[in-house]
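Chemist: Encoded as structure tokens, here's the structure I'll be asking about.
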Amino acid sequence: MNLFTILLAAIFVNNFIFSKFMGICPFLGVSKKLDTAVGMGVAVIFVITLSSAATWVVYEFVLVTLGLEYLYNIAFILIIASLVQFVEMFIKKSSPSLYQALGVYLPLITTNCAVLGVAVLNMDNGYNFLESLVNGIGASVGFAMAIILFAGIRERLADAPIPKCLTGFPIALISAGLMSIAFLGFSGML
455 MNLFTILLAA
465 IFVNNFIFSK
475 FMGICPFLGV
485 SKKLDTAVGM
495 GVAVIFVITL
505 SSAATWVVYE
515 FVLVTLGLEY
525 LYNIAFILII
535 ASLVQFVEMF
545 IKKSSPSLYQ
555 ALGVYLPLIT
565 TNCAVLGVAV
575 LNMDNGYNFL
585 ESLVNGIGAS
595 VGFAMAIILF
605 AGIRERLADA
615 PIPKCLTGFP
625 IALISAGLMS
635 IAFLGFSGML
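Shown next, in the form of structure tokens:
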């Protein structure tokens with residue numbers, strides 16, 4: 455599979471939110487405002503991209519070499535947690551307002567199943583280092599795109615005349631479902 459195909463498939467066809475339904479917690483929790491969604495999207499791009507590279511290196515050169523492949527989940531979670539701590543410290547120093555806006559969702563990137571899912575799928579698909587990196591970039595860009603688009607929709611829905619019984623979370627779930635259906639249109643693309 456060529457790298458461009460892996461990238462497009464990760465962004466559109468196999469989008470972690472709309473196709474695999476991974477990472478729904480931050481998707482629904484941080485998407486109320488566009489600026490926090492952009493901040494979360496950038497943080498997730500950084501974490502997934504770096505964790506894709508780091509987990510591949512650890513898996514291939516440490517776990518496989520030592521015959522400890524069965525410890526991949528523990529190793530991957532430790533790598534992801536370390537990267538998230540780094541991102542959290544960086545955002546706290548560089549943008550305290552974004553740090554406050556992201557709140558509890560920033561440390562929750564550690565337990566975001568999309569981050570771990572990318573690392574595990576890279577391993578399961580037998581990707582080499584470059585393919586793993588491209589898949590990580592594509593998956594994270596797809597995640598960021600989804601959360602940013604959804605935040606834009608939610609901001610517009612806040613001003614829309616919605617029936618009282620659907621305001622808030624119910625209309626958000628309906629909108630997310632409709633976006634997921636729209637992304638199904640990409641399934642025949644690759």
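When we follow this note's numbering, the leftmost residue of the sequence shown carries the number 455, and every step to the right adds one. We treat Cβ as the ideally placed atom computed from N, Cα and C, and that holds for glycine.
I need the boundaries of the alpha helix (DSSP H) containing Y526, first residue and last residue.
Modeler: Along the sequence shown, read from residue 1 onward, the residue named residue 526 stands at position 72. Where Y526 is concerned, the enclosing alpha helix (DSSP H) stretches over Y526 to S548.
Chemist: At what residue ranges does the segment 548-594 contain a whole run of the alpha helix (DSSP H), taking only runs of 4 or more?
Modeler: 550-556 and 567-578, all fully within the segment 548-594.
Chemist: In angstroms with no decimal places, state the Cα-to-Cα distance between F583 and V574.
Modeler: As a first step, residue 583 is located in the sequence shown; it is residue number 129 there, counting from the start. As a first step, residue 574 is located in the sequence shown; it is residue number 120 there, counting from the start. The straight-line gap from Cα to Cα measures roughly 13 Å.
Chemist: Which term fits G477, buried or exposed, when burial requires 16 or more other beta carbons within 10 angstroms of its beta carbon?
Modeler: Position 23 of the sequence shown, counted from the first residue, corresponds to residue 477. Classification for G477: buried.
Chemist: Would you say M599 and I499 are within 8 Å of each other, going by their C-beta atoms?
Modeler: Reading the sequence shown from its first residue, position 145 is the one you call residue 599. Reading the sequence shown from its first residue, position 45 is the one you call residue 499. Not in contact: M599 and I499 (Cβ atoms no closer than 8 Å).
Chemist: Does DSSP classify D613 as helix, strand or coil?
Modeler: One-based indexing of the sequence shown puts residue 613 at position 159. Coil, per DSSP.
Chemist: Counting along the chain, where does the alpha helix (DSSP H) carrying S506 start and finish?
Modeler: Reading the sequence shown from its first residue, position 52 is the one you call residue 506. Its alpha helix (DSSP H) spans residues L488 to V512.
Chemist: Going by beta carbon distance, what residues of the same chain come within less than 6 Å of A535, once the five residues before and after it are set aside?
Modeler: Translated into the one-based positions of the sequence shown, residue 535 becomes position 81. The residues are T564.
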